[in-house]
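Inspection log for the structure reproduced underneath, given as structure tokens.
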Amino acid sequence: MKIARQIVRVDGRSLGWWSLGLIAIALMYLAFYPSIAENAKVYDEITKSLPEALRSLTAADYSSPKGYLQTEFFGTMGFIILLVFFVGRGVGAIAGDEERGRSELTLAAPVSRQRYVLERVLAMVLEGVLAWALLVVGLLVLGPLFDLVVGFGPLAAAAASAVTGALVFGLIALFVGAATGRHALALGVGSAFAIAGFLYTLLSPIAKALESLQFLSPCRQAIGYAPLINGMRWDQFAILIGECLVLIGLSVWAYCRRDLR
Amino acid sequence: MTGAPAIRLEGLTKRFRGGVTALEEVDLTVPTGSIFGFIGPNGAGKTTAIRLMLDLLRPTSGRVELFGENPRTAGSGLRSKIGYLPGEMGLDERLTARQTLSFYCDLHDTSAEKAFDLAVRFGLDLDRRIRELSRGNKQKVGIIQAFAHDPELVILDEPTSGLDPILQRSFHGLLRERQEGGLTVFLSSHVLSELQQVATEVAMIRDGRLLAVRDTETMRREAPHKVMVRFGSPPPDDLFEGLEGVSGIEYDGLVTRLLFRGEMDTLIKTLATREVVELHSTEPDLEETFLRMYGEDAR
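This is the structure in structure tokens:
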């Protein structure tokens with residue numbers, strides 16, 4: 000645990016600021032809520048009047064606080080922020096540090112490659128979970144000031160599934176880094192998957208051809224069923240956890256067998 | 000495993016993807032308790048060999064053994080006996096020297112007190128951030144972390160690069176001190192004169208091949224000294240006739256220059272038959288000797 004502890008400790012301050020920024024963004028959305036709630040009926044009518052395809056594209060549900068928060072934050076901006084966060088961490092964890100020559104001394108110490116990968120993953124997960132736990136607390140405390148009251152359960156479900164879904168993409172980046180040690184490649188592949196996954200979830204409801212593959216997308220499994228509104232779907236969550244475990248296993252395997260750069 | 004040498008390389012070959020051969024069939028034994036120098040021009044394969052020893056790279060063929068164990072499979076028991084200083088060291092720029100050393104000591108399950116003591120010895124300010132340190136000071140951090148957990152073997156890749164001569168000397172002092180305590184030192188350099196001050200044995204590598212391994216003392220004895228003598232009056236042409244080990248005599252009026260290999264005493268006694276105004280004998284340049292003796296024909 001020494002490596003993970005060190006990483007979280009060193010990142011601590013910047014992570015704290017980052018969490019505050021996250022809460023500030025969420026606050027911005029909260030600030031709009033009262034005016035949207037007043038006009039909820041109008042929005043609803045507009046949405047309903049849209050053609051089927053467009054309606055699913057906006058997927059807007061402003062009729063309740065949960066719907067608003069899921070649509071405007073957990074399903075879009077918040078999730079994108081998480082994707083950026085985890086892909087960045089995934090790239091930096093192995094490939095980034097390797098290219099800067101930072102992993103060599105650690106690996107020359109009594110630290111196995113396997114342990115190194117696992118601790119890097121652990122640090123990344125801890126940081127994501129910590130930041131989003133702060134966000135959930137922030138929303139619980141500040142939400143009522145803007146007439147936006149959502150219970151802990153739904154918020155936790157939304158946060159947990161979003162974090163796990165975005166983590167999948169971070170682990171894709173980490174895996175590419177573990178397999179190649181190339182920072183740019185890990186970043187490219189990780190971001191490509193993240194963008195493709197997100198757009199896919201956004202667009203697949205309007206393209207019938209894509210629909211049949213929906214179940215494959217981690218984004219779909221994470222935000223597609225609107226956990227804030229519908230509660231946690233444990234089957235979807237289990238699939239996400241499974242995907243993470245497979246990627247972690249692959250990363251360890253790839254990292255243990257290659258030359259460091 | 001007692002009795003096993005600190006380092007043994009057998010037929011060690013490393014080819015990188017793209018077909019570059021960095022090491023070719025290298026056999027090398029570093030006895031426990033020695034200070035072993037590894038010399039070669041940049042790009043000769045020194046760093047590759049060192050990274051293979053630490054299992055950062057995997058051999059294409061051949062074997063690496065440290066204290067009789069394969070570093071790939073030996074696990075943390077072997078790792079904790081080894082101190083390592085990389086040639087290109089990446090430290091977290093955000094940390095202070097103290098935090099950095101504490102972290103590496105922690106990985107080695109050892110108290111950082113010894114590291115802090117060494118920092119005092121080398122005059123390293125522990126509370127500066129790595130980003131604010133000069134190259135020499137960063138190198139001190141690297142050296143200290145390599146020694147702080149009392150390893151049995153230290154593997155140092157160009158340890159004195161960036162250190163000024165005074166620090167080099169105190170670093171060499173540390174090596175000798177620790178060697179008396181049983182430490183084995185393996186250090187690489189592209190400057191032989193530096194190795195000859197500390198190393199008991201030197202191996203030379205070039206283009207991935209090991210050219211020779213020599214005892215530094217023998218080499219020094221075998222290598223020719225450059226001698227310059229200024230006589231009080233012009234010496235006779237046959238002064239050095241019959242004297243063994245003399246070569247390359249150049250007469251220049253009162254000044255005579257020559258290369259001498261052998262017992263200095265016989266040369267001095269010969270010179271003493273004349274009036275000598277000035278006498279210089281330059282330490283043999285091992286690098287030159289090494290290259291001349293083993294370098295060219297090995298190609």
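So the protein sequences, as listed, match chains A and B. For the first sequence, position 216 (counting from the first letter as 1) is numbered 215 according to numbering that gives the first Met the number 0, and the numbering increases by one without interruption. For the second sequence, position 202 (counting from the first letter as 1) is numbered 201 according to numbering that gives the first Met the number 0, and the numbering increases by one without interruption. For every residue, glycine included, the Cβ atom is placed at its ideal position computed from N, Cα and C. This structure is a prediction, so every number in the text was calculated from the model and none was measured.
Quiz item: Residue ranges of each beta strand (DSSP E) run of no fewer than 3 residues wholly in the stretch 203-247 of chain B, ordered along the chain?
Solution: 208-214, 224-230, all fully within the stretch 203-247 of chain B.
Exercise. May I ask you to check if the CB of residue 176 of chain A is nearer than 6 angstroms to at least one heavy atom of the ligand NAD?
Key: As presented, the structure is devoid of all ligands, the ligand NAD included, so that no description of it is given.
Quiz item: Where residue 125 of chain A and residue 5 of chain A are concerned, what is the direct C-alpha to C-alpha distance, given to the nearest angstrom?
Solution: The residue you call residue 125 of chain A lines up with position 126 of the first sequence. The residue you call residue 5 of chain A lines up with position 6 of the first sequence. So the two alpha carbons sit approximately 12 angstroms from each other.
Quiz item: So which residues of chain A does residue 68 of chain B contact, with C-beta pairs closer than 9 angstroms?
Solution: Your numbering for residue 68 of chain B matches position 69 in the second sequence. None at all; the shortest Cβ gap to chain A is about 13 angstroms.
Quiz item: Is residue 112 of chain A helix, strand or coil by DSSP?
Solution: In the first sequence, the residue the question calls residue 112 of chain A occupies position 113. The answer is helix: DSSP assigns residue 112 of chain A an H, G or I state.
Exercise. Tell me, please, which residues DSSP counts as bridged to residue 128 of chain B.
Key: Within the second sequence, the letter at position 129 stands for residue 128 of chain B. According to DSSP, which records beta bridges pairwise, residue 128 of chain B is partnered with B/95.
Quiz prompt | Contact with chain B by residue 5 of chain A, beta-carbon distance below 7 angstroms | solution = Taking the first sequence and counting its residues from 1, one reaches residue 5 of chain A at position 6. Interface residue, yes.
Practice problem: Can you have a look at residue 279 of chain B and say buried or exposed, based on whether 16 or more other CB atoms are within 10 angstroms of its CB? | Solution: Position 280 of the second sequence, counting from 1, holds the residue named residue 279 of chain B. With a 10 Å radius around the Cβ and a threshold of 16 neighbouring Cβ atoms, residue 279 of chain B comes out exposed.
Self-check item: Classification of residue 113 of chain A by the beta-carbon crowding that lies within 10 angstroms, buried from 16 upward
Solution: Counting from one through the first sequence, the residue named residue 113 of chain A turns up at place 114. Under the 10 Å beta carbon count, residue 113 of chain A is surrounded by fewer than 16 other beta carbons and is classified as exposed.
Practice problem: Express the C-alpha separation of residue 96 of chain A and residue 120 of chain A in angstroms, rounding to a whole number. | Solution: For the purposes of this step, residue 120 of chain A is identified with residue 121 of the first sequence, where counting begins at 1. For the purposes of this step, residue 96 of chain A is identified with residue 97 of the first sequence, where counting begins at 1. Residue 120 of chain A and residue 96 of chain A: Cα-Cα distance of roughly 14 angstroms.
Practice problem: Answer with buried or exposed for residue 157 of chain B, where buried requires no fewer than 16 other C-beta atoms within 10 angstroms of its C-beta. | Solution: Within the second sequence, residue 157 of chain B is the residue found at index 158, counting from 1. Burial check for residue 157 of chain B: the Cβ neighbour count within 10 Å reaches 16 or more, so the residue is buried.
Practice problem: Would you verify that the beta carbon of residue 55 of chain B is, or is not, closer than 7 angstroms to some beta carbon of chain A? | Solution: The residue you call residue 55 of chain B lines up with position 56 of the second sequence. For residue 55 of chain B, the nearest CB of chain A lies under 7 angstroms from its own CB, placing it at the interface with that chain.
Quiz item: Would you say residue 83 of chain B reaches chain A, if we count a Cβ-Cβ gap shorter than 7 angstroms as a contact?
Solution: Walking along the second sequence from the start, residue 83 of chain B turns up at place 84. Chain A has a Cβ within less than 7 angstroms of the Cβ of residue 83 of chain B.
Quiz item: Is it true that the stretch 119-127 of chain B meets the stretch 46-54 of chain B, where meeting means three or more beta-carbon pairs spaced less than 8 angstroms apart?
Solution: Too few Cβ pairs lie closer than 8 angstroms, so no.
Practice problem: Please specify which runs of the alpha helix (DSSP H), each continuous and at least 4 residues long, are wholly inside the stretch 132-166 of chain A, giving them in chain order. | Solution: If one requires a minimum length of 4 residues, no alpha helix (DSSP H) run lies completely within the stretch 132-166 of chain A.
Self-check item: Where residue 192 of chain B sits in the DSSP three-state scheme
Solution: In the second sequence, counting from the first residue as 1, residue 192 of chain B sits at position 193. Note: residue 192 of chain B maps to helix in three-state DSSP.
Quiz item: So, does the CB of residue 105 of chain B fall closer than 7 angstroms to a CB anywhere in chain A?
Solution: Reading the second sequence from its first residue, position 106 is the one you call residue 105 of chain B. So, interface residue.
Quiz item: On the three-pair Cβ rule with 8 angstroms, is the stretch 233-242 of chain A touching the stretch 18-38 of chain B?
Solution: No, they do not touch.
Quiz item: Going by DSSP, which residues form a beta bridge with residue 279 of chain B?
Solution: Stepping through the second sequence from its first residue, residue 279 of chain B is reached at position 280. In the DSSP output, where bridge partners are listed per residue, residue 279 of chain B has B/227.
Quiz item: Relative to the C-alpha of residue 44 of chain A, which residue among A/73, A/16, A/60 is closest?
Solution: The residue labelled residue 44 of chain A in the question sits at position 45 within the first sequence. Of the candidates A/73, A/16, A/60, the one whose C-alpha sits nearest the C-alpha of residue 44 of chain A is A/60.
Quiz item: Contact check, residue 207 of chain B vs residue 22 of chain B under 8 angstroms by CB: the rounded distance?
Solution: Position 208 of the second sequence holds residue 207 of chain B. Position 23 of the second sequence holds residue 22 of chain B. About 5 angstroms separates the beta carbons of residue 207 of chain B and residue 22 of chain B, which is inside the 8 angstroms limit, making them a contact pair.
Self-check item: Rounded straight-line distance, which links the Cα of residue 89 of chain B to that of residue 99 of chain A
Solution: Here residue 99 of chain A refers to the residue found at position 100 of the first sequence. Here residue 89 of chain B refers to the residue found at position 90 of the second sequence. The straight-line gap from Cα to Cα measures roughly 6 angstroms.
Quiz item: Could one say the Cβ of residue 117 of chain A lies closer than 7 angstroms to chain B's Cβ atoms, at least one of them?
Solution: Here residue 117 of chain A refers to the residue found at position 118 when the first sequence is read from its first residue. Not an interface residue.
Quiz item: What span of residues does the beta strand (DSSP E) with residue 162 of chain B cover, start to end?
Solution: On the second sequence, position 163 is the one that residue 162 of chain B refers to. Here residue 162 of chain B belongs to no beta strand (DSSP E), and DSSP marks it neither H nor E.
Quiz item: chain A beta carbons: is any one of them nearer than 7 angstroms to that of residue 64 of chain B?
Solution: For the purposes of this step, residue 64 of chain B is identified with residue 65 of the second sequence, where counting begins at 1. By the rule that beta-carbons nearer than 7 angstroms mark a contact, residue 64 of chain B does not touch chain A.
Self-check item: chain A residues whose Cβ lies nearer than 9 angstroms to that of residue 207 of chain B
Solution: Counting from one through the second sequence, the residue named residue 207 of chain B turns up at place 208. By Cβ distance, chain A contributes nothing, its closest Cβ being about 16 angstroms from residue 207 of chain B, past 9 angstroms.
Quiz item: Taking C-alpha atoms, which residue in A/10, A/260, A/17, A/35 lies nearest to residue 145 of chain A?
Solution: Position 146 of the first sequence holds residue 145 of chain A. Checked all of A/10, A/260, A/17, A/35; the closest Cα to residue 145 of chain A is A/35.
Quiz prompt | CB contact below 7 angstroms: residue 78 of chain B versus chain A | solution = Numbered from its first residue, the second sequence carries residue 78 of chain B at position 79. When Cβ-Cβ separations below 7 angstroms define contact, residue 78 of chain B makes contact with chain A.
Exercise. Assign residue 255 of chain B to one of three DSSP states: helix, strand, or coil.
Key: Residue numbering aside, residue 255 of chain B sits at position 256 when the second sequence is read from its first letter. Strand at residue 255 of chain B.
Quiz item: residue 218 of chain B to residue 93 of chain A, Cα distance in whole Å?
Solution: Position 219 of the second sequence, counted from the first residue, corresponds to residue 218 of chain B. Position 94 of the first sequence, counted from the first residue, corresponds to residue 93 of chain A. So the alpha carbons of these two residues sit roughly 45 angstroms apart.
Self-check item: Interface residues of chain B facing residue 101 of chain A [CB-CB closer than 8 angstroms]
Solution: Taking the first sequence and counting its residues from 1, the one referred to as residue 101 of chain A is at position 102. Contact note: residue 101 of chain A reaches chain B through 89, 90, 91, using a C-beta cutoff of 8 angstroms and chain order.
Quiz prompt | Outcome for residue 241 of chain B when other beta-carbon atoms lying within 10 angstroms are tallied against a minimum of 16 | solution = Taking the second sequence and counting its residues from 1, one reaches residue 241 of chain B at position 242. Around the beta carbon of residue 241 of chain B, fewer than 16 other beta carbons sit within 10 angstroms, so the residue counts as exposed.
Quiz item: With DSSP run on the structure shown, which of helix, strand or coil describes residue 13 of chain B?
Solution: Within the second sequence, the letter at position 14 stands for residue 13 of chain B. Of the three classes helix, strand and coil, the one that applies to residue 13 of chain B here is strand, per DSSP.
Quiz item: Taking C-beta to C-beta, are residue 43 of chain B and residue 83 of chain B nearer than 7 angstroms?
Solution: On the second sequence, residue 43 of chain B is found 44 positions in, with the first residue counted as 1. On the second sequence, residue 83 of chain B is found 84 positions in, with the first residue counted as 1. Cβ distance not < 7 angstroms, so residue 43 of chain B and residue 83 of chain B don't count as in contact.
Self-check item: Simplified DSSP assignment, three categories, for residue 177 of chain A
Solution: Taking the first sequence and counting its residues from 1, the one referred to as residue 177 of chain A is at position 178. Helix at residue 177 of chain A.
Exercise. Go ahead and label residue 263 of chain B buried or exposed: buried means 16 or more other beta carbons lie within 10 angstroms of its beta carbon, across all protein chains shown.
Key: One-based indexing of the second sequence puts residue 263 of chain B at position 264. With fewer than 16 Cβ atoms within 10 Å of its Cβ, residue 263 of chain B is classed as exposed.
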